[in-house]
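Reading through the structure tokens given below for one structure.
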Amino acid sequence: MDKIPTKTVLLIESDPAETRRIHEMLGDSIACDFESTHVESLRSAERYLAARSVDIVLVDLGLSDSPGLEAVRRVRSAAPQVSIVLLCTAAEEETAVRAVQEGAQDYLIKGQIESRELCRALVNSAARKAIEEDLLMEKERAQVTLDSIGDAVICTDTSGNITFLNPVAEQMTGWSLKDAAGRAMAETFRIVDAITRKTIMDPMAKATSLNRPGELPLNSVLIRRDGYEVFIEDSVAPIRDREGQVTGAVIVFRDVTATRTLEERLTHSAEHDYLTGLPNRMLLNDRVGQAIALARRNAGRAAVLFVDLDGFKKVNDSLGHLVGDKFLQSVALRLLACVRAPDTVSRLGGDEFVVLIQELQNPEDAASTAKRLLKAVGDVHMIDRHEIRVTASIGVSVYPSDGEDAESLIKNSDTAMYYAKKKGRQNYEFFRPGMVIEPAERQSIEAARAGRQASRGFSVGTKIFSFKRKERPHEAD
Numbered sequence: 002m003d004k005i006p007t008k009t010v011l012l013i014e015s016d017p018a019e020t021r022r023i024h025e026m027l028g029d030s031i032a033c034d035f036e037s038t039h040v041e042s043l044r045s046a047e048r049y050l051a052a053r054s055v056d057i058v059l060v061d062l063g064l065s066d067s068p069g070l071e072a073v074r075r076v077r078s079a080a081p082q083v084s085i086v087l088l089c090t091a092a093e094e095e096t097a098v099r100a101v102q103e104g105a106q107d108y109l110i111k112g113q114i115e116s117r118e119l120c121r122a123l124v125n126s127a128a129r130k131a132i133e134e135d136l137l138m139e140k141e142r143a144q145v146t147l148d149s150i151g152d153a154v155i156c157t158d159t160s161g162n163i164t165f166l167n168p169v170a171e172q173m174t175g176w177s178l179k180d181a182a183g184r185a186m187a188e189t190f191r192i193v194d195a196i197t198r199k200t201i202m203d204p205m206a207k208a209t210s211l212n213r214p215g216e217l218p219l220n221s222v223l224i225r226r227d228g229y230e231v232f233i234e235d236s237v238a239p240i241r242d243r244e245g246q247v248t249g250a251v252i253v254f255r256d257v258t259a260t261r262t263l264e265e266r267l268t269h270s271a272e273h274d275y276l277t278g279l280p281n282r283m284l285l286n287d288r289v290g291q292a293i294a295l296a297r298r299n300a301g302r303a304a305v306l307f308v309d310l311d312g313f314k315k316v317n318d319s320l321g322h323l324v325g326d327k328f329l330q331s332v333a334l335r336l337l338a339c340v341r342a343p344d345t346v347s348r349l350g351g352d353e354f355v356v357l358i359q360e361l362q363n364p365e366d367a368a369s370t371a372k373r374l375l376k377a378v379g380d381v382h383m384i385d386r387h388e389i390r391v392t393a394s395i396g397v398s399v400y401p402s403d404g405e406d407a408e409s410l411i412k413n414s415d416t417a418m419y420y421a422k423k424k425g426r427q428n429y430e431f432f433r434p435g436m437v438i439e440p441a442e443r444q445s446i447e448a449a450r451a452g453r454q455a456s457r458g459f460s461v462g463t464k465i466f467s468f469k470r471k472e473r474p475h476e477a478d
């Protein structure tokens, strides 16, 4: 059998006979090689340990200057990294067991010790101490990692009570580990659906009961201890022991409020006009589709009103693009003031707007809305001390008689608007099946629209403008 590498042992024993027996047993061992030193009291041991390092301390629990558990505590205080083996009588065994629970590695009962047993106890205690140090180091590394990562981490036991929070979790929940430990997860980790405001089932309990990973649903909102709310995303997994039995669960989550806000802004930008903030063509098509679906379910109607300004190009050319933009914003606000909350006002570009009326009771209601829109647009607009009057032309199409999809309704309302212009401006027209625009006229209209959307100008001095159309009906605005 190969010898174990030399270990240094400090024997703390006041009984000369016991000291002699220990030295004899150490000398008789052929499997172990120890360098031993002997002191008679804890005070002497403390002085020795302050000057030198040893691998193992073999200490008697019956020392007069430090009996029982106090001996273990003083050795541990003097040499935190040392391995401790206790010598005790049979009557002191209960105390020895408690000492092991407090950090000693093993104990031996006097009168029942043999050389090989002593050697084995000393070697094994050193090995256990090394393992304990490795585990402690692993724990420290894990703790530093958990404390350093940017995500929040919470652990629970099988009863769903909190056992751990890292600093990020403490900050996000508003609960310290000290206050949260032992409390139910649902008490400290309140999550609701952002839309329905219904409480979301504890994901930790679900992971524990199903014994599999999971995650929170979308739109999950964490309510902090102080009531502040943040959007979160997470992953949840059960914690298992060596036998694969579930002992708890861990959740890792992060604050995604900023990301959600950015996504909402990007979505809004993609679906809304940059100048007026109104829905653009893409969102309008979706809204018209929804209105059609609603009308179809209820055997009702919906109307699309195509609004085109008469003479807006002159505003841009005479007063400049900045005034023109402000004028369009003014028109947008007035159009919004003329409709109900469920309805939609959209800007397609340039000086073209579309108004969607949902749940239309009868076509006369669309006519009434068209009249309000004409008056709202036609009243004077004060823009940067400029008094501007511009009229509008409106075309109206009604579902289902004038089209059964968004594209048809918008196109037919556009056609009806063209006929309203030919009628003399400041008018509205309902679409009729006989209304058509010749290809050449349609091409001219599209070219004019492109020109209006791309037009730019420069502001001029303060003036009062009143634009009245005198062009032929087919000329571009």
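So the sequence shown is residues 2 to 478, counted in the working numbering. Backbone N, C-alpha and C fix where the C-beta goes; we use that ideal spot for every residue, glycine too. Quick caveat: nothing in here was measured; it's all calculated off a predicted structure.
Query, Result
"Rounded to whole angstroms, what is the Cα-Cα separation between Val-10 and Glu-25?", "14 Å"
"With 16 as the cutoff for other CB atoms within 10 Å, does Pro-204 come out buried or exposed?", "buried"
"Buried or exposed: which applies to Gln-427, given that a residue is buried once 16 or more other Cβ atoms fall within 10 Å of its Cβ?", "buried"
"Across the segment 176–185 and the segment 274–284, are there enough close Cβ pairs to call them in contact, namely three or more that are closer than 8 Å?", "no"
"Assuming Leu-50 contacts Ser-67 under a Cβ cut-off of 8 Å, what Cβ separation, rounded to an integer in Å, is found between them?", "Contact doesn't hold; Cβ gap of about 13 Å is too wide."
"Which residue comes first and which comes last in the beta strand (DSSP E) that contains His-39?", "35–40"
"Could you pull the start and end residues of the alpha helix (DSSP H) that Thr-485 belongs to?", "No answer is possible for residue 485: it lies beyond the span of the chain, which begins at 2 and ends at 478."
"Please report the distance separating the alpha-carbon of Phe-165 from that of Ala-153.", "11 Å"
"Suppose you measure from the CA of Gly-379 to the CA of Asp-318; what does that come to, to the nearest Å?", "19 Å"
"May I ask you to list the residues that DSSP assigns as paired with Asn-162?", "Ala-185"
"Should Asn-167 be labelled buried (16 or more other beta-carbon atoms within 10 Å of its own) or exposed?", "buried"
"Can you tell me whether Ile-85 is buried or exposed, with buried defined as 16 or more other CB within 10 angstroms of its CB?", "buried"
"Pairing CB atoms from the segment 395–406 with CB atoms from the segment 362–373, are three or more of them under 8 Å?", "yes"
"Going by DSSP, name the residue or residues bridged to Val-253.", "Val-154, Ser-236"
"Which two residues bound the contiguous beta strand (DSSP E) that contains Gln-102?", "It is not in any beta strand (DSSP E) - Gln-102 instead sits in the alpha helix (DSSP H) that spans 94–102."
"Please classify Asn-413 as buried or exposed, where buried requires at least 16 neighbouring CB atoms within 10 angstroms.", "buried"
"Along the alpha helix (DSSP H) that carries Thr-1, what are the first and last residues, could you check?", "The question about residue 1 has no answer, for the chain in this structure spans 2 to 478."
"I need the DSSP call for Gln-359, collapsed to helix, strand or coil.", "strand"
"Compute the beta-carbon to beta-carbon distance between Pro-214 and Ala-238, rounded to the nearest angstrom, for a pair I have assumed lies under 8 Å.", "4 Å"
"Might you give, ordered along the chain, the residues of its own chain that have their beta carbon closer than 6 Å to the beta carbon of Ala-80, omitting 5 neighbours on each side?", "Leu-50"
"When DSSP labels each residue in this structure, what does Leu-526 get in the three-state scheme?", "Since the first residue shown for the chain is 2 and the last is 478, residue 526 is missing from the structure and cannot be characterised."
"Quick one: what's Val-10 bridged to in DSSP?", "Ser-37, Ile-57"
"Which runs of the alpha helix (DSSP H), 4 residues or longer, sit entirely within the segment 311–387?", "313–320, 322–338, 364–379"
"Determine the DSSP secondary structure at Tyr-275, reduced to helix, strand or coil.", "coil"
"If you pair each beta-carbon of the segment 384–396 with each one of the segment 282–292, do three or more pairs fall below 8 Å?", "no"
"Can you list, in chain order, the residues of its chain with a C-beta nearer than 7 Å to that of Leu-375? Leave out the 5 residues immediately preceding and following it.", "Ala-393, Ile-395, Gln-427, Tyr-429"
"With a threshold of 16 other CB atoms inside 10 Å of the CB of Arg-75, please say whether the residue is buried or exposed.", "buried"
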